[in-house]
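Just so you know, the protein sequences line up as chains A and B, in that order.
Be aware that the first sequence starts at 9, since it is given in this note's numbering, and climbs by one per residue.
Be aware that the second sequence starts at 9, since it is given in this note's numbering, and climbs by one per residue.
Each remark here refers to the structure printed beneath this line.
There are 2 protein chains.
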Amino acid sequence: MNYPEVKVLENVKEVLKGIEDRKFKRMYVIACGGSSALMYPSQFLVDTKAENFACEYLNSNEFIYRNSPAVNADAVVILCSQEGMTPETVAAARYAKGKGATVITIAMVDDSVLQKEGEFFVKYGYYETADPIDTSYGVMYLLTAGILQAQEGIQIFDSMVKNLEALKKVIDRAKEQYADKAAEFGRACREDKVLYSLGSGSAYSQAYVFCNCYMMEMQWINAIPIHAGEFFHGPFEIIEKNSPVIMLMGLDQTRFLEERALTFLEKYTDRIFKIDMKDVDFMDVEEDYKGYLGALVINNICRMFSKAIAKERDHSLDIRRYMHLVEY
Amino acid sequence: MNYPEVKVLENVKEVLKGIEDRKFKRMYVIACGGSSALMYPSQFLVDTKAENFACEYLNSNEFIYRNSPAVNADAVVILCSQEGMTPETVAAARYAKGKGATVITIAMVDDSVLQKEGEFFVKYGYYETADPIDTSYGVMYLLTAGILQAQEGIQIFDSMVKNLEALKKVIDRAKEQYADKAAEFGRACREDKVLYSLGSGSAYSQAYVFCNCYMMEMQWINAIPIHAGEFFHGPFEIIEKNSPVIMLMGLDQTRFLEERALTFLEKYTDRIFKIDMKDVDFMDVEEDYKGYLGALVINNICRMFSKAIAKERDHSLDIRRYMHLVEY
């Protein structure tokens, strides 16, 4: 695919300028599947920074059908769909606009049906080729930081820009560093019927997308995303010596939950595949941002893991049985 | 276990009286595992009814470590632990109290460490023997309705009481009605290595508890909870003709999502085990409450399903490898 140039930072600033006089009680981040998972770090960012407004993270149709009275002129709703065509997300944008909410859509293409339903739009770049700041994740971090700054008076936008700009080198080096581990994961798990992935805080989003999209959708391998804190209240009973676990370790406030899960797993399974932000050199990224932006670094490594297992299994990541092929 | 008498309605009214002059910007429902899942319908209830305050649903440790600035004197935090001893939930209550929040704890026993950390307490009855209104679910519905009424001016508490009181007969009959289906599920799935459960809205909580607690914890069977709306954005690619799916169908606002998933599943797998509130006689329960209270009816049927498969597999629901047995 050949995607046109993006001007993410310029576009985000225009959007933030357009909404600078509006006061919001609530923010919603709304999408489906992988586009939804990439919004979870924004919910986490708002939750850890905002005193006066709450952020809700919902699947597009769940959002529409819940029909909350809080979706009104006091709400800002951000929606994402890669090609701007996901019917539920398009409908969610239309619904939110109808309720008087401020609607911001983001997609990788211009003039999509999704864009037409919103008041504001930001186009992002293709994740394989764009700089981190220009990807869907980058747009979400920027928009969320800008809204937090305007609504809560926290000076965060400029430093978010600076830290996102410092991320390309970090990701490039992390990918080199994890190349062998990805290949090892692919070889070791090619015959497995069930995988598990754990994370907490913003990294939980990557357990979710790894299992639901990269494994179940793209490899037809059963994969169970487990919140690292919830693990000890049920799911851990399934773990045996040969259970393959992709353990995601971020650097955000919730890292303790992941460390606790890792300590347990190290005793009870021999097959831990760890993606740990502590082993990554964040170079010029500031301390407070390593946790928030770590989700995007983890995402890049998870994609490498999925490519490695796809290669080993000779099962292209692009094969589908149902998606866009049958009616549903 | 022999649990003492409970006076749920009286106790809830005392709590509501105690907080009637307080104004909340945020409600948090905080617990772990099964105790967490039973709080999800309260988040759903607030989301569908409240314009001015938001409800967040988080694992206890995630809640503590996120350390949101919104956890302050303007927040009410409800925490649940059956025996009142779950360390993370006890710590979460202490944390919330330290932040000046109003802390309400609920448990099945008196004088627990959890109770001591909170300002208010409600004791609930054992789910196998207590009336629905006296169970943990009952307490949560009542507290949430009371808080909604006080904060939003919606007259909902008395009708919630009336509808909860009408639920015992409904559940008793639904259990009779589903006895054969539970046995059939047990026989049909006793050899399966992976199960799937789908639901949306308040029923999603039951897919979560069915998979994480009843199957993974109590039967050591892999089970993947899937949101019925998210299903089409990844997980559905895993479905084959012999995939066993426990399809949960409620009567709340989001039923369309479950119906859509069912329509798909009916084409692509021969093994759907449907628990459908449309087939249940809700008798004196009013229309608007069937959706909200349906989660508790589904919970009762899911418990029957778990007992049936436990019997078929000769694997007691009480056996554990790790929980309360090893250090973690």
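Heads up, the beta-carbon is just placed ideally off N, CA and C, and yes, glycines get one too.
- Query: Is the Cβ of residue 330 of chain A closer than 8 Å to any Cβ of chain B?
  - Reply: yes
- Query: Of the residues A:323, A:220, A:142, A:84, which one's Cα is nearest the Cα of residue 24 of chain A?
  - Reply: A:84
- Message: Suppose you measure from the CA of residue 132 of chain B to the CA of residue 241 of chain A; what does that come to, to the nearest Å?
- Response: 20 Å
- Check the Cβ-Cβ distances between residue 9 of chain A and every residue of chain B, and say whether any is below 8 Å. For residue 9 of chain A, the pLDDT reaches just 49, beneath the cut-off of 50, and the residue's location in the model is therefore unreliable, leaving the point undetermined.
- Task: Note down, one range per segment and in chain order, each beta strand (DSSP E) of at least 3 residues found wholly within the stretch 117-205 of chain A.
- Result: 128-131
- Task: Tell me, please, which residues DSSP counts as bridged to residue 256 of chain A.
- Result: A:283
- Message: Is residue 307 of chain A close to chain B? Criterion is C-beta to C-beta, closer than 8 Å.
- Response: no
- Helix, strand or coil at residue 97 of chain A [DSSP, three-state]: helix
- Item | Three-state class that DSSP yields for residue 9 of chain A in the structure shown | Any reading at residue 9 of chain A needs caution, since the residue's pLDDT is 49, under 50, leaving its predicted position unreliable; the model's value is listed next. Looking at residue 9 of chain A - three-state DSSP - the assignment turns out to be coil, as it is neither helix nor strand.
- Inter-stretch contact at 8 Å, needing at least 3 Cβ pairs: the stretch 165-177 of chain A / the stretch 203-215 of chain A: no
- Can you tell me where the alpha helix (DSSP H) with residue 231 of chain B in it begins and where it stops? Looking at the DSSP string, residue 231 of chain B is not in any alpha helix (DSSP H); the run it does join, the beta strand (DSSP E), is 230-235.
- Task: Could you spell out where the beta strand (DSSP E) holding residue 65 of chain A opens and where it closes?
- Result: 62-67
- Item | Collapsed DSSP secondary structure at residue 73 of chain A in the structure displayed | helix
- Query: Got a sec, what are the start and stop residues for the alpha helix (DSSP H) residue 300 of chain B sits in?
  - Reply: 295-321
- Alpha carbon of residue 226 of chain B to alpha carbon of residue 119 of chain B, nearest angstrom: 28 Å
- Query: Using 8 Å as the limit for Cβ to Cβ distance, is residue 40 of chain B near chain A?
  - Reply: yes
- Message: Taking the beta carbon of residue 203 of chain B as the centre, do at least 16 other beta carbons fall within 10 Å, making it buried, or is it exposed?
- Response: buried
- Task: Going by DSSP, name the residue or residues bridged to residue 39 of chain A.
- Result: A:67
- residue 232 of chain A: contacting residues in chain B (beta-carbon distance under 7 Å): 230, 232
- Anything in chain B within Cβ reach of residue 86 of chain A, meaning under 8 Å, just list it in chain order. Correct list: empty, because the minimum Cβ distance to chain B is about 16 Å.
- Query: What separation, rounded to the nearest whole angstrom, lies between the Cα atoms of residue 344 of chain A and residue 95 of chain A?
  - Reply: Here chain A comprises residues numbered 9 to 336, so residue 344 of chain A is not present and cannot be evaluated.
- Within the same chain, show all residues whose beta-carbon is closer than 7 Å to that of residue 274 of chain A, passing over the 5 residues directly before and after it, in chain order. 280
- Message: Tell me which residue opens and which closes the beta strand (DSSP E) that residue 110 of chain A is part of.
- Response: 110-115
- Item | Terminal residues of the alpha helix (DSSP H) in which residue 20 of chain A lies | 16-26
- Taking 8 Å as the CB-CB limit, is residue 224 of chain A close to chain B? yes
- Item | Contacts of residue 104 of chain A in chain B (Cβ-Cβ under 9 Å) | Here the premise fails: no neighbours, minimum Cβ distance about 15 Å.
- If you draw a straight line from the alpha carbon of residue 50 of chain A to that of residue 157 of chain A, how long is it in whole angstroms? 13 Å
- Message: Using beta carbons (cut-off 8 Å, strictly below), is residue 19 of chain A in contact with chain B?
- Response: no
- In or out: residue 9 of chain A buried (at least 16 other Cβ within 10 Å) or exposed? Annotation note: pLDDT 49 at residue 9 of chain A (below 50); position unreliable, no value reported.
- Can you name the start and end residues of the beta strand (DSSP E) that residue 83 of chain B belongs to? 83-88
- At a Cβ threshold of 8 Å, is residue 69 of chain B touching chain A? yes
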